[in-house]
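Colleague: Using UniProt numbering, you'd call the opening residue of the sequence shown number 1 and step up by one each time. Each residue gets a CB set at the ideal place from its N, CA and C atoms; glycine is no exception. Since we're looking at a predicted model, the values are computed, not measured. Once you've had a glance at the structure underneath, I'll fire off some questions.
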Amino acid sequence: MNQIKKGNVITVRLNDVQVQALQEIMNSDKVQKKNLSATLQYLVNQYMVFNKK
Numbered sequence: 001m002n003q004i005k006k007g008n009v010i011t012v013r014l015n016d017v018q019v020q021a022l023q024e025i026m027n028s029d030k031v032q033k034k035n036l037s038a039t040l041q042y043l044v045n046q047y048m049v050f051n052k053k
């Protein structure tokens, strides 16, 4: 996952595996479509936390 910081905005580029995982989440009944944005934000935050080490 590549990220570019611009002020308070972060642009994230997902690789093919990450896009596939996100599509699987979207197609499952585990996350409602209206909550998908929050889910993606959570995944980005977790990525950022784990990669600070």
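Quick check on DSSP: helix, strand or coil for Val12?
Modeller: Strand at Val12.
Colleague: Return the chain-ordered list of same chain residues with a C-beta closer than 7 Å to the C-beta of Val31, the five sequence neighbours on each side being excluded.
Modeller: Ile25 and Thr39, listed in sequence order.
Colleague: Which whole-angstrom value is the C-beta distance of Val19 and Val44, which I expect to be below 8 Å?
Modeller: With a Cβ gap of about 14 Å, Val19 and Val44 do not count as contacting.
Colleague: Roughly how many angstroms lie between the CA atoms of Lys52 and Gln46, to the nearest whole one?
Modeller: Their backbone Cα atoms lie some 10 Å apart in a straight line.
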